[in-house]
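Heads up: the structure comes next, in structure tokens.
Residue numbers (this note's numbering): 3 to 205.
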């Protein structure tokens, strides 16, 4: 099932699905803050570049935790607003300094006409998300750290990590790549948040 707040987008998704596909995907108009699904009834939730666009991040995390089955998993991917880059506008900036500063840097980088796009964005970070995961009984695996480690070893072939990979490979030759990766991980200074989430077990 796909949940989409815009009626037009739901109709487009229904029109694009393959007629010979079995089972047929189902799409409903709705919001992540109020999922029309039973408790513990979903085995897989994909939240891909969505969480930064919702009205209430905490409510969406709470709802995902509510409907996730005991054996289920959540894939969550979004921009990391600890990183000095805003991917929707394609500008280098410091989101932690607020939306007015982001708009100012949009002006400096020729994106002034697109500045108001940031109005609805939620500047999610590893810290803010992990606090919500913990609050609603979710355990997480931070796959962004896996990507950093793969980049340091020369095994990452992912567009947004290629520049970082080149830098880490150079640092690897100096023997300090592991230290840099650890520092980046602690500070949360990587391009995207990428988590696999499961319900916390008592074991």
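Where a beta carbon is used, it is the ideal one built from N, C-alpha and C, also for glycine.
Give the secondary structure of residue i by DSSP, where H, G and I count as helix, E and B as strand, and everything else as coil.
i	result
residue 187	helix
residue 60	helix
residue 41	coil
residue 116	helix
residue 68	helix
residue 135	helix
residue 144	strand
residue 30	strand
residue 129	helix
residue 155	coil
residue 7	coil
Given a cut-off of 8 Å on the beta-carbon distance, is the pair residue i and residue j in contact?
i	j	result
residue 45	residue 74	yes
residue 134	residue 59	yes
residue 103	residue 96	yes
residue 91	residue 69	no
residue 202	residue 140	yes
residue 76	residue 199	yes
residue 35	residue 57	yes
residue 193	residue 82	yes
residue 53	residue 126	yes
Leaving out five residues on either side along the sequence, give the residues of the same chain with a beta carbon under 7 Å from the beta carbon of residue i.
i	result
residue 138	63, 64, 67
residue 191	84, 85
residue 16	29
residue 51	79, 80
residue 122	55
Can you list, in chain order, the residues of its chain whose CB lies under 6 Å from that of residue i, leaving out five sequence neighbours each side?
i	result
residue 101	120
residue 7	33
residue 196	79, 145, 146
residue 18	none
Can you give me the C-alpha to C-alpha distance between residue i and residue j, rounded to a whole angstrom?
i	j	result
residue 124	residue 180	31 Å
residue 144	residue 61	21 Å
residue 186	residue 28	40 Å
residue 116	residue 108	8 Å
residue 149	residue 184	12 Å
residue 31	residue 55	16 Å
residue 99	residue 24	48 Å
residue 43	residue 178	46 Å
residue 20	residue 3	15 Å
residue 128	residue 9	31 Å
residue 114	residue 37	36 Å
residue 182	residue 71	37 Å
residue 154	residue 87	21 Å
residue 105	residue 89	13 Å
Can you confirm whether residue i, when its beta carbon is compared against all beta carbons of chain C, has any partner nearer than 8 Å?
i	result
residue 28	The displayed structure is made up of one protein chain only, and chain C is not part of it.
Across which residues does DSSP place residue i in a beta bridge pair?
i	result
residue 76	47, 199
residue 94	87
residue 193	None; residue 193 has no bridge partner.
residue 81	194
Sorted by chain position, which residues of the same chain lie with C-beta nearer than 8 Å to residue i's C-beta, five sequence neighbours on each side aside?
i	result
residue 189	84
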